[in-house]
Amino acid sequence: MTNRYIVIFTVGPVQSFIASARKTEDFWSGSYILSHLVREAIKQFYQLDANCEVVYPLVTREELRSPSARDFRIASIPNRVTVVMKGTEEKVGGWLREVEDNVRQVFLDFCFQAIRRVFPHLTAEEYEWLEMMVEQQVQSFLEVYWVAEPYEPSASFRTVRERAERRLGALKNEKHYIPVSQSGLVCSVCKEREALRLAEMKETDHYGEIKRKTLHLWKRRAAEFQGAGGEEDDRRAGRIQDNEFLCGICLGKRAARDYFSKLFGASFLSFPSVLEIGAGDYYAVLMMDGDNMGKWFSGERKEEYSETSKKLARFAKEVVPQIVEEQCHGKLVYAGGDDVLAFLPTETVLKAAEELRLAFGDEWKGLGHGATASFGVVIAHKKSPLHLVLNAVRALEKKAKQYSNDKTGQQKDALALALHTRSGEISEAVLPWMIGGEKVSQLLDQWIHLLKTSLSPNFIFHFASAFAPLLHERHCPKWENGDMLATELRRLLKRSVKEGSHLSVQEIANHAQVLLSLREAVRSGYDFLYLLKILTFFKRSEGNGQ
């Protein structure tokens, strides 16, 4: 009988937990809390089994004992752990139940401490009431799944791991929901759970009475968590506005930095608001996800799997922060292996995306030659609701994953761009990273430079006026007459050359050809028109206006 098992252990939910946010601080804390819970799980795996081998993510005992400043300041641990454990079936199963119970208790204690930090002057009975509410919410919310698959000495690591993955998928499909009775106001952030309260609600209570009873608690929050609202208050992270009523889980997210500062004995600086990210009225959100990751984790031997884990750990912990924060002056929300989420100034977001894509396919910085990644980038006004912006960038990243070009046979490895103006207009385009052997980001930069220095953007308006109706009339995704399109582009470009600029006929033809190659690469004529609009936005150095 085998005494060795491949274990897969997951903590979630991921997307809904991170997406429940009204402030950038909420985004960061959601990612960091999940990373912390998985870190605690890994720590206990090592404690329970002296022979335990954590295969993915690559987190060593030494890193857990003495984490570097970068290790504990960035959410860099994904929500899934693959471990090889030794012991009887009964013993391994007992260990996993113990790890699950501990993860749940860590999260519960985290939320309990948030209650005492935000409401420091309640009675013992009031704390007991709130903790009872929070415990019910945590039990219903937190999803912990694990499987343990026997791993015979002669068996293929890949075969056993894939069998474990299938079992885990089946287990998640059968998840059970724990209903929680709710009778008060809904949480202002997640819109799912009930906001914390001290008073009991009656069926006959009208809205005004329900709100009055809820306010009885929220007026008693500590001074550092009070704020009347408005732009200036949003600059100070950790505040809870007078019009916000939070559930126990979202309350924990708001108080997370205080908790982790105390836990690690180091100051966690407040996460900047969108008002502080870049100059001007707009900012960018970037999301990256590695393509075809199953291929990179398809090695027959455990050592191959571990090597991929090692490369991803180096990319997430060293390369990503250096690119996002040091080179491009952005703020990293998380970097978990091949997944990245970051806020960036509009003027550096294309550079950040390009550098991350190049690094991911680099032998020393990323997975190596052949590794590709897809990106979603949303440029949004600083008054746009954050949760809508995050939903948009997630949808964009999925569209980049779905990119395909019938002529070249290329799939994925794409950049999806969107501009959300303050007026509500949305322009969106999906492009491959490489077009005719050139990086698409460099082609875009070339055109942004031209619009800044040599060309008037009026040609874009005239081109759209002439060609957009053809898409409506013929109900076709792209214009059929390429020669007509090229001729008109060259004519409009020639007319749009700024006074004092000396672009030759050949240079104009070359620039027109670049536009035509972009037009051929995007999914539709509408995408091409939207791309032109996005380029005119980028040509403003600080993204002001609109």
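Each number in the working numbering comes from the position in the sequence shown (counting from 1) with 224 added on. C-beta: ideal position from N, C-alpha, C; glycine also.
Evaluate residue i with the Cβ neighbour count: other Cβ atoms within 10 Å of its Cβ, from every protein chain shown; 16 or more gives buried, anything less gives exposed.
i       : result
Arg-385 : buried
Asn-303 : buried
Met-512 : buried
Val-231 : buried
Pro-403 : exposed
Ser-485 : exposed
Ala-220 : Residue 220 is absent from the structure shown; the chain starts at 225 and stops at 770.
Glu-249 : buried
Lys-396 : exposed
Gly-254 : buried
Leu-487 : exposed
Val-544 : buried
Trp-588 : exposed
Ser-292 : exposed
Ser-689 : exposed
Leu-580 : buried
Ser-240 : exposed
Thr-532 : buried
Val-235 : buried
Arg-698 : Reliability fails at Arg-698, whose pLDDT of 45 lies under 50, so the model's placement of it is uncertain and no value is given.
Val-729 : exposed
Arg-294 : exposed
Ser-665 : buried
Gly-472 : buried
Glu-352 : exposed
Asp-333 : exposed
Ala-348 : exposed
Arg-525 : exposed
Ile-650 : exposed
Asp-563 : buried
In the DSSP assignment, what are the bridge partners of residue i?
i       : result
Leu-451 : Correcting the residue identity first, residue 451 is Gly in this sequence and not Leu. DSSP, once it has assigned bridges, lists Gln-465 as partnering Gly-451.
Pro-374 : Tyr-229
His-605 : Tyr-506
Glu-264 : According to DSSP, which records beta bridges pairwise, Glu-264 is partnered with nothing at all.
Val-548 : Bridge partners of Val-548: none, in fact.
Asp-513 : Asp-563 and Ser-598
Ala-299 : Tyr-558
Gly-236 : Glu-367
Val-721 : Leu-679
Glu-418 : Val-410
Excluding the 5 residues flanking residue i on each side, which residues of the same chain have their C-beta closer than 6 Å to its C-beta?
i       : result
Arg-743 : Phe-752
Gln-360 : Val-404
Lys-794 : The structure shown has nothing for residue 794, since the chain only spans 225 to 770.
Gln-634 : Pro-656
Leu-272 : Trp-319
Ser-244 : Val-413 and Cys-414
Looking at chain B, is there any beta carbon in it that lies within less than 8 Å of the beta carbon of residue i?
i       : result
Ala-595 : Chain labels in this structure do not include chain B; a single protein chain is all it has.
Using a Cβ-Cβ cut-off of 7 Å (strictly less than) and excluding sequence neighbours within five positions of residue i, which residues of its own chain qualify?
i       : result
Asp-457 : Only weak support exists for where Asp-457 lies, its pLDDT of 42 falling under 50; the value from the coordinates is given anyway. For Asp-457, where only same-chain residues beyond five positions count, the Cβ hits under 7 Å are Gly-451, Arg-463 and Gln-465.
Pro-237 : Glu-367
Ala-372 : Tyr-229, Val-231, Val-316, Gly-317 and Leu-320
Lys-435 : Leu-409
Val-654 : Lys-623, Ala-624, Tyr-627, Ala-638, Ala-640, Val-746, Arg-747 and Asp-751
Val-330 : Leu-261 and Glu-264
Ser-720 : Leu-679, Ser-680, Asn-682 and Phe-683
Phe-312 : Position check: residue 312 holds Thr in this sequence, whereas Phe was assumed. Asn-227.
Over what stretch of residues does the beta strand (DSSP E) that includes residue i continue unbroken?
i       : result
Tyr-280 : 277-280
Thr-306 : 304-310
Asp-563 : 563-568
Gly-560 : 555-560
Go to residue i, then tell me how far its alpha helix (DSSP H) extends in each direction, as first and last residue.
i       : result
Ala-583 : 573-584
Ala-394 : 381-397
Ala-733 : 729-745
Trp-588 : No alpha helix (DSSP H) contains Trp-588, which DSSP labels as neither H nor E.
Asn-615 : 610-625
Lys-757 : 749-762
Cys-474 : 472-478
Tyr-431 : 431-442
Leu-493 : Element bounds for Leu-493: n/a, residue is neither H nor E.
Ser-530 : 526-538
Leu-288 : 285-289
Beta-carbon within less than 8 Å of residue i's beta-carbon, same chain only, minus the 5 sequence neighbours each way: which residues are those?
i       : result
Ala-619 : Gly-600
Glu-455 : Here Glu-455 scores only 41 on pLDDT, less than 50, and its place in the model should not be relied on; the value that follows carries that caveat. Result list for Glu-455: Leu-499, in chain order.
Glu-549 : Lys-555 and Leu-556
His-834 : Any property of residue 834 remains undetermined from this structure, which presents the chain solely from 225 to 770.
Could you check whether the Cβ of residue i sits closer than 7 Å to any heavy atom belonging to the ligand FMN?
i       : result
Val-283 : Questions concerning the ligand FMN fall outside what the structure shown contains, since it holds no ligand whatsoever.
Where are the alpha helix (DSSP H) runs, 4 residues long or more, that stay fully inside the stretch 627-683, in chain order? 664-677
Unbroken stretches of the beta strand (DSSP E), 3 residues or longer, contained in the stretch 313-377: 367-374
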